[in-house]
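In the numbering used here, the protein residues as written are 1 to 276.
Here a beta-carbon is modelled for each residue, glycine too, at the ideal position from N, C-alpha and C.
A quick note: this is a predicted structure, and the numbers were derived from the prediction, not measured.
To start, the structure under review is shown below, and the notes come after it.
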Amino acid sequence: MRTKADEETETPGLADTHCHVLAADYPDMSETFERAAAAGVTRMLVAGSDLRTSREAIDVADRYSSFGVHAAAGVHPHEAVHASGRLPDGIRELALHPRVAAVGETGLDYYYDHSPRDMQRSCFLEHVRFAGEIGKPLIIHGRDSYDDLRAILRKETGGAARGVVHCFSGTEEDAADLLDMGLYLSFGGPLTFRRSDALRDLFRTLPEERILLETDSPWLTPHPLRGKRNEPSYVRMVYERAAEIRGVPLERLAAAVFKNAALLFGWGDSAAEVGA
Ligand SMILES: [Zn+2]
Ligand SMILES: [Zn+2]
């Protein structure tokens with residue numbers, strides 16, 4: 001159990017702004033959130049990938065609200081084909097739930113191409129419009145698709161988008177354009193991988209007030225635990241590496257990211273407000 005003194009020295013805690021802690025991968029869900037709390041993680045966002053997992057993400061956020069868990073509801077580009085390239089009405093309803101901090105994850109994945117690209121684009125477009133309508137931020141997934149992501153976002157939002165491109169893997173030019181549109185860029189385990197020098201070089205140059213950090217659990221486990229299942233408590237390793245890359249104290253970076261996440265997702269910005 002964390003004490004008051006712990007909270008004061010660790011304030012405001014760490015945020016894992018993107019994870020998928022769902023029953024299929026976490027039969028030990030309670031212990032997973034206990035370990036996250038022990039590692040100082042006081043905010044987590046569990047993202048849905050389709051109607052079923054979005055509903056489950058909200059259940060998890062409700063059940064574990066005292067750990068600072070929030071949800072996002074949306075259709076992952078891999079699943080766009082199963083939604084016929086649409087944003088289902090069921091997700092539109094779920095997204096209004098008070099513990100849903102964002103719409104997503106949505107986006108375009110031209111690396112795996114699990115859904116036809118035209119369906120990915122129409123599905124993404126509906127998410128962008130819907131998020132604007134209900135005033136919640138977007139959680140955007142992109143892989144080998146940044147040109148189309150940028151074009152759709154710019155056209156639909158008039159260049160004033162609200163949300164985060166999670167697990168950013170684009171170029172310097174992509175980063176500059178997305179930042180120019182007002183988006184945040186989020187980074188996870190790949191910052192710690194041996195072959196990520198280019199990503200680290202880019203990360204070092206980004207404005208502190210526009211970065212977020214995440215695990216994308218259960219995937220992308222940080223070095224040296226690669227190969228193991230990832231979990232929110234390991235986000236500490238991402239923060240440590242991120243602080244080292246930028247040459248700033250961990251506490252400073254953690255406070256900045258916590259503030260960025262609170263601003264974007266509208267959840268409480270102090271550790272005392274866990275569950276807020
Ligand atoms: Zn993703
Ligand atoms: Zn994800």
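Report whether the distance from the Cβ of residue i to the nearest heavy atom of ligand 1 is below 7 Å.
i           : result
residue 251 : no
residue 167 : yes
residue 127 : no
residue 141 : yes
Quick check on residue i: does DSSP put it in helix, strand or coil?
i           : result
residue 146 : helix
residue 7   : Unreliable positioning characterises residue 7 in this predicted model, as indicated by a pLDDT of 46, which lies under 50. The coordinate reading is nonetheless provided below. Of the three classes helix, strand and coil, the one that applies to residue 7 here is helix, per DSSP.
residue 248 : coil
residue 69  : strand
residue 17  : strand
residue 268 : coil
residue 76  : coil
residue 263 : helix
residue 2   : Any reading at residue 2 is ruled out, since the residue's pLDDT is 49, under 50, leaving its predicted position unreliable.
residue 87  : coil
residue 38  : helix
residue 151 : helix
residue 45  : strand
residue 51  : helix
residue 278 : For the chain, the structure presents residues 1 to 276; residue 278 sits outside this window and is missing.
Pop quiz: residue i and residue j are said to be a contact at Cβ under 8 Å. What is the actual Cβ separation, rounded to whole angstroms?
i           : j           : result
residue 100 : residue 71  : 5 Å
residue 69  : residue 29  : No, residue 69 and residue 29 are not in contact; Cβ-Cβ is about 10 Å, not under 8 Å.
residue 298 : residue 217 : The question about residue 298 has no answer here: the residues shown for the chain are numbered 1 through 276.
residue 15  : residue 164 : That belief does not hold up - the Cβ atoms of residue 15 and residue 164 are roughly 12 Å apart, past 8 Å.
residue 42  : residue 213 : The Cβ separation is near 13 Å, so there is no contact.
residue 240 : residue 250 : 6 Å
residue 19  : residue 60  : Actually they do not touch by this definition, with Cβ atoms about 10 Å apart.
residue 74  : residue 114 : Between residue 114 and residue 74 the Cβ distance is about 15 Å, and since that is not below 8 Å, they are no contact.
residue 153 : residue 181 : 6 Å
residue 247 : residue 222 : With a Cβ gap of about 19 Å, residue 247 and residue 222 do not count as contacting.
residue 253 : residue 262 : With 8 Å as the limit, residue 253 and residue 262 do not qualify as a contact, their Cβ atoms being about 15 Å apart.
Determine the contact status of residue i and residue j, defining contact as a CB-CB distance below 8 Å.
i           : j           : result
residue 191 : residue 238 : yes
residue 233 : residue 23  : no
residue 49  : residue 91  : no
residue 106 : residue 138 : yes
residue 145 : residue 85  : no
residue 142 : residue 183 : no
residue 179 : residue 129 : no
residue 102 : residue 136 : yes
residue 95  : residue 67  : no
For ligand 2, I want to know if residue i counts as a neighbour, meaning its beta carbon is within less than 7 Å of at least one of the ligand's heavy atoms.
i           : result
residue 97  : no
residue 57  : no
residue 216 : yes
residue 105 : yes
residue 102 : no
residue 114 : no
residue 80  : no
residue 47  : yes
residue 70  : no
residue 223 : no
Of all the alpha helix (DSSP H) runs that stay within the bounds of the region 91-135, which reach a length of 4 or more residues? 117-134
Whole beta strand (DSSP E) elements within the region 162-245, 3-residue minimum: Annotation: the region 162-245 contains the following complete segments of the beta strand (DSSP E) (minimum length 3 residues), in chain order: 163-166, 184-187, 211-213.
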